[in-house]
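In full-length UniProt numbering, the protein residues as written are 1 to 627.
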C-alpha cells in the first residue's frame, strides 16, 4: 500500500526536464517596424508523455519579456513560460581558464626552445672561431683534415638544430595564436548576456519533432523608407525604386531570415480606451492612454540645412554628413543643401553630426533643432591644385579646383522594373515581405534592401518664375498614387542621369503626388524690362508710367516640353493710385492677386517671347513700386 502511494506521488510531482540539455533555436523570420522589430525563432523538440520542462537558450539579452509569445502544436498544452537572463561570463570562466593554462604551457615550451636555440648559436660562434685557429696552426695535414671534418659535422648539426627549433617555436606561436582568438571570442561573449526561456508543457502522448515558435520584440532595430526617383526624359514614365534602410544592434545576427517591413507601431496600447465623465468647459484628460505608447522620439525626426565655404559663402556639393557613432549619413546636393532622416530610436536632442570634405577641416556640431547651417574652413596648405578634364559634345572642358572636390556626373543603365516583395495592406498599416532570405548582422550599420522598382505614368511640367529666379524647375505629377502603397520617406532625385539632390515624400496630399526634380539648365529663360515711358499730365498733380516686360524662353532639348511661366501685375491699396491697361497676350490673369500665368508647349529648339505691360497713374512725388 505504501509502495503504491509512493509511486502515485512520484508520478504526480516528477516533471521530466531537458534543463541540462538546452534546446537551441534558429531565427526564422523578422518583422521590422520603424521603431523596433519582432523576432520569431523556431525549434523542434521530442516530447514524452506528461509534463516536461524545456529550456530554450541563446536568445537575445535585449528582448522585451512582456512581448514574449509561444505557439506550439494544439496537442501540446503550455503550462508556464518564464524568462531570465543568462550570465555568459560565469559559464565561460572554466573555458577561459583552460585556454589560459594552455597558453602558459606553450610559453614555457617556447622559453625552453629559445634557450636551446641560444646554446646552438653559441656553438656555431665557437666553431667559427675554432675554424680560424685551425687554419693558422702548424698541425699536420691529417690532423687538420680530421679537425675540418669535425667542424663541418658539428656546424651542420648546429644549424639543423637551430632550424628545427625555429620551426617548433613557430608551430607553438601558431597554436598560441589560436588560443588568443578563442579567448577574444569568449571575452566578447562575456560583455553580452543572453536570454533563456523555460517552458513547461504537458502532453497526453509522446510526440516527436514538435515545432515551437518563440516570438518577442526588441527595440534596437528599425527601418527608414527611401526612394530613388529617376527621370530619363519627359517622354518616358517616371522610374521609382523603393528601398528600405534597415539597421539593428540587438546582439543577434539575422541570418538568412524571412524579412518583413511593416509601417505599424507595435508599442501602441492594446487595451481599448474608456470614456471619462466630461464636464462642460473642461478638457477631458486622456493623457494616461496616449502616454501608454512607448517612444524614444523627441520630435527630432530630421536635420536639414546648408554647408558653405567659410570664405566665399558658396554652397559646397557632396559634403559627407554622418551621425556620430553610427553609419547613418547623407551628402549635400549641388547647391550645398542637405537633409538627414534620424532613426526613431536615435531621435533625441544633443546628437552630434560630423561634416567632412576633401580639402576642408572636419567639423563636428551638436544638434538641438531641425535646422543646422555649417561653414567649413579650407585647408589650402594640404591640397595642391587639382585639374579635372572632361570631354563631351566634341570639345574639351577644363575645370580647376583649389581646396575642394569635383563631382563627376555618372550615368548608369537603369535596371528593368523588378519586384522583390509581396505587399499586404491592413486597416492602419502596410507590410512588405522580402521574397528572398536576407541577412542583417547586429552591427548598427545601415543596410539597404531593394524592395521594388516601378514605371509610373507621370505628368511632367516645367515651371519658372523669372521675376524671382530665371532657372527652370521640373515637376513630375502622379495621379492615383495610392495604388502604389507608398509611405512617407526620403527621396533621391535623378534627372537625365544627374543626381539632383534630396527631397521628402509626404503623402499628406490630395489627388496628385508631386515630385520636385530640381533645376534644368537646358531650358533658358531671360526677363528684361523694356524702356519705361513716363508722362506728366499738364496742370495736374498726377503722373502716368507705362511699363512693359519681355520674357524670352528657349528649349534646347531634343524633345518638346510643357512649361508654366508665372509673373504678376502690381495691385494697390490706395485710391489715389490706379493700375490700368493691363495686357498679357496668351496668359491667364487673376485680377485679385495680379498673378499672370502662361501654359506653353515648346517644341525642340524653339524660342518664344512673352510680353506683358501695364500703366500706373499716381500722384506726383510718389515713388514707383520696386520689384
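Each residue gets a CB set at the ideal place from its N, CA and C atoms; glycine is no exception.
- Spanning the alpha carbons of residue 443 and residue 24 requires a straight line of approximately 22 Å.
- A direct Cα-Cα distance of roughly 14 Å separates residue 339 from residue 506.
- The Cβ-Cβ distance between residue 502 and residue 491 falls below 8 Å.
- Boundaries cannot be given for residue 522, as no beta strand (DSSP E) includes it and DSSP labels it neither H nor E.
- In the DSSP assignment, the residues bridged to residue 248 are 221.
- Contact between residue 249 and residue 220 holds, since their C-beta atoms are separated by about 5 Å, short of 8 Å.
- When secondary structure is reduced to three states using DSSP, residue 280 falls in the coil class, being assigned neither helix nor strand.
- Selection 335, 303 and 322 evaluated against residue 313 yields 335 as nearest (Cα-Cα).
- Taken atom to atom, the span from the alpha-carbon of residue 356 to that of residue 553 is near 40 Å.
- In this structure, the straight-line span from the alpha carbon of residue 469 to that of residue 608 is close to 18 Å.
- Per DSSP, the continuous beta strand (DSSP E) segment holding residue 561 begins and ends at 561-568.
- Looking at the DSSP output, residue 612 shares a beta bridge with 549.
- In the DSSP annotation of this structure, residue 485 is not part of any beta strand (DSSP E), being labelled neither H nor E.
- For the UniProt domain "DUF4140" (30-127), the continuous beta strand (DSSP E) assignments of 3+ residues that do not extend past its boundaries occur at 37-47, 50-60, 64-71 and 77-86, in sequence order.
- Going by beta carbons, residue 194 and residue 59 fall inside the 8 Å limit.
- Per DSSP, the continuous beta strand (DSSP E) segment holding residue 601 begins and ends at 595-602.
- For the options 525, 101, 264 and 80, the alpha carbon positioned closest to that of residue 466 is the one of 525.
- Sorting 463, 440, 433 and 475 by C-alpha distance to the C-alpha of residue 451 places 433 at the top.
- Contact between the region 236-243 and the region 76-84 is not established, with fewer than three Cβ pairs separated by less than 8 Å.
- Here residue 222 is buried: its Cβ has 16 or more other Cβ atoms, across all protein chains shown, within 10 Å.
- Of 243, 616 and 264, the smallest CA-CA separation from residue 574 is found for 616.
- With contacts defined by Cβ atoms closer than 8 Å, residue 565 and residue 517 do not form a contacting pair.
- Excluding five sequence positions before and after residue 179, the CB atoms of its chain that fall closer than 7 Å to its own CB belong to 99, 102 and 103, given in chain order.
- Boundaries cannot be given for residue 371, as no beta strand (DSSP E) includes it and DSSP labels it neither H nor E.
- A straight line joining the alpha-carbon of residue 148 with that of residue 164 spans about 24 Å.
- In the three-state reduction of the DSSP assignment, residue 150 falls in the helix class, which pools H, G and I.
- In its chain, beyond the 5 residues on either side, 550 have a beta carbon closer than 6 Å to the beta carbon of residue 528.
- With contacts defined by Cβ atoms closer than 8 Å, residue 472 and residue 520 form a contacting pair.
- Per DSSP, reduced to three states, the secondary structure at residue 513 is strand.
- The residue from 576, 599 and 567 with its alpha-carbon nearest to that of residue 591 is 567.
- Here residue 439 is exposed: its Cβ has fewer than 16 other Cβ atoms, across all protein chains shown, within 10 Å.
- If you look at residue 476, you'll find it in the beta strand (DSSP E) that goes 469-479.
- Counting of Cβ neighbours within 10 angstroms places residue 500 among the buried residues, the total reaching 16 or more.
- In the structure shown, residue 168 falls within a helical segment according to DSSP collapsed to helix, strand and coil.
- Selection 182, 485 and 462 evaluated against residue 422 yields 485 as nearest (Cα-Cα).
- The beta carbon of residue 62 is closer than 8 Å to those of 218, 219, 220, 250 and 251 in its chain, skipping five residues each way along the sequence.
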